[in-house]
Amino acid sequence: MNNTTDILNQWLQELNSSSAAPLSLDQDNRCFMATSSNIELMICGEPLSENFTVLLHICDLAEPVDTALFKALLALNLKPANTYGGALGYDRDNQSLILSYSHEYQGITAREFGNMLENLSHAALSLRKHINSLLEESGTPAQARQHPLHMVRI
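The working numbering puts the first residue of the sequence shown at -6, with every later residue one more than the last.
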């Protein structure tokens, strides 16, 4: 592992230091987990990158997704306050709406990293509620996750 993935692994271990199953990046430099508020997320640390990425699952969307709904979802990206500095995207393979957030390693501590994950979890929960109301208005209910990811709770 290089220096940046070592830093990310250290933060993950400090996050879950009291658990019997410590958190760490896998061979693809990813770590999957779920928060206490049932937000599934994936943390990615690319080798030689100055940034790490957090991907948070907002909801599943069955295809075909209404064009007007996609436009409303994309419009949320125009105001960073709506997405808490992240960007909404659609994962076609998993038919999921995802909040993507990237941050530099530099200038952040393990504690701040943990706080960031907690804040992003709350942001994802808020977005989920807002998006569920958009889905109800469009007549396209959010789908229950068909194959839950095996996550570690933090």
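Don't be surprised by glycine CBs; every beta carbon is placed ideally from N, CA and C.
Taking the beta strand (DSSP E) that residue i belongs to, which residues open and close that run?
i, result
"Asp84", "80 to 84"
"Ile0", "Element bounds for Ile0: not the beta strand (DSSP E) but the alpha helix (DSSP H), -4 to 8."
"Tyr94", "89 to 97"
Nearest CA to the CA of residue i: which residue from the options?
i, options, result
"Gln154", "Asn70, Ile36, Tyr77, Val58", "Coverage of the chain is limited to positions -6 through 147, which leaves residue 154 absent and any answer about it impossible."
"Glu56", "Glu33, Asp84, Arg121", "Asp84"
"Leu127", "Gly82, Ile101, Lys64", "Lys64"
"Leu49", "Gly100, Ile101, Asp59, Ile91", "Ile91"
"Ile32", "Pro15, Phe106, Cys52, His123", "Cys52"
"Ile124", "Phe106, Asp(-1), Leu62, Asn87", "Leu62"
"Val47", "Ile0, Pro15, Phe106", "Phe106"
"Leu154", "Gly38, Phe25, Glu39, Asn87", "Given a span of -6 to 147 for the chain in the structure shown, any question on residue 154 remains unanswerable."
"Asn22", "Glu130, Ile0, Asp59", "Ile0"
"Glu97", "Asn2, Ser89, Gly38, Gly82", "Gly38"
Taking its Cβ as the centre, do 16 or more other Cβ atoms sit within 10 Å of residue i, making it buried, or is it exposed?
i, result
"Thr(-3)", "buried"
"Leu71", "exposed"
"Leu41", "exposed"
"Ala68", "exposed"
"Asn44", "exposed"
"Ala117", "buried"
"Thr28", "buried"
"Arg121", "buried"
"Leu8", "buried"
May I ask whether a heavy atom of the ligand NAD can be found less than 7 Å away from the beta carbon of residue i?
i, result
"Asp19", "No copy of the ligand NAD occurs in the structure displayed, which carries no ligand at all."
At which residues does the alpha helix (DSSP H) containing residue i begin and terminate?
i, result
"Thr76", "73 to 76"
Contact the stretch 74 to 81 vs the stretch 110 to 120: 3+ CB pairs below 8 Å: Touching, yes.
Runs of beta strand (DSSP E) lying entirely within the stretch 20 to 71, each at least 3 residues, in chain order: The stretch 20 to 71 contains these whole beta strand (DSSP E) runs: 23 to 27, 33 to 38, 44 to 53.
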